[in-house]
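Contents: one structure, followed by commentary.
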Amino acid sequence: MPIRTLIWGENVHEQKNQVVADNYPNGMHNAIAKLLSSDANITTSTATLQEPEHGLTEDKLANTDVLIWWGHAAHGEVKDEIVERVAKRVWEGMGLIVLHSGHFSKIFKRLMGSPCALSWREAGERERLWVVNPGHPIAKGLPQYFELENEEMYGEPFSVPEPLETVFVSWFQGGEVFRSGITYRRGAGNIFYFRPGHETYPTYHDATVGQVLRNAVNWAYNPNRFEWITDAPNRPVEEAIEKIEERGPKLHHGRGRQEGMR
């Protein structure tokens, strides 16, 4: 069964900046979808900030296996209830791939529980991405390193939790380095952050970037769903697996879930 992949794009710079519009006349989200199209195991759809519920309805997310997120100029415009909806789906097993400036998105900060801050410079520098974990599925088929001639610099320190795995480390012409490909797991959901993708450069036309994204979708996919993972049910004495007798004082009475108990 193909991996149902939803590419979410902010779709703001494409409407306001001619350089970005020239790079991505059909929108960055559609350029990313095109990069994925050569993998017969992946089917794509797109959604943007401007759509009702940002295109992230309950039904749409229920039919999404992996969500790709690109945002930059309008992080604050994403509604909090939509962020919580996406977070819940990740905990249940939906994969999440966060790109470039998405490090500052509400959803990434929500799942990381940290500032996700870094240093940056927009100077069209060469970025050399070193594969530091060549056996990782996201690095499948890649050379020892690859380069992007023009990119925005991101520099350490990157205030995120210690990654589960580091796949790529970047070097920039100005001398900075950055953990540019890192993985996490939140609940049952696999998360990959991939640094390249500044909108004024043609990063999402690069063949190697496309290979990384296709690999990442296949890695992030979890065929299982754990919709109960956010529940916190009260398990009564009479339903215990082993027979026990209730004893001692207790705070709550009754079999239902107590108010405020999660």
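If you count the sequence shown from 1, position 189 lands on 189 in UniProt numbering, and the numbers rise without skipping.
Even for Gly, the Cβ is constructed at its ideal location relative to N, Cα and C.
Take the alpha-carbon of residue 46 and the one of residue 9: they are about 8 Å apart.
The alpha-carbon separation between residue 233 and residue 252 amounts to approximately 13 Å. Per DSSP, the beta bridge partners of residue 66 are 5, 95. With a threshold of 16 other beta carbon atoms within 10 Å, residue 230 falls short and is exposed. Assignment of beta-bridge partners to residue 200 by DSSP yields no partner.
For the pair of segments examined, the stretch 183-202 was found to touch the stretch 86-101: the number of CB pairs separated by less than 8 Å reaches three. Going by DSSP, residue 130 is part of the beta strand (DSSP E) stretching over 119-131. In the pairwise beta carbon analysis, the stretch 23-38 is classified as touching the stretch 200-213: at least three pairs are separated by under 8 Å. C-alpha of residue 117 to C-alpha of residue 85: approximately 24 Å in a straight line.
Residue pairing by DSSP places residue 114 in no beta bridge whatsoever.
Proximity to residue 141 across 175, 208, 28, 99 peaks at 208, based on C-alpha coordinates. Within the DSSP secondary-structure output, residue 33 pairs in no beta bridge. In the three-state reduction of the DSSP assignment, residue 159 falls in the coil class, being assigned neither a helical nor a strand state.
Rounded to the nearest whole angstrom, the C-alpha separation of residue 58 and residue 161 is 29 Å.
For the set 164, 156, 73, 183, the Cα lying nearest the Cα of residue 171 is the one of 156. Taking 8 Å as the cut-off, the Cβ atoms of residue 217 and residue 7 do not count as close.
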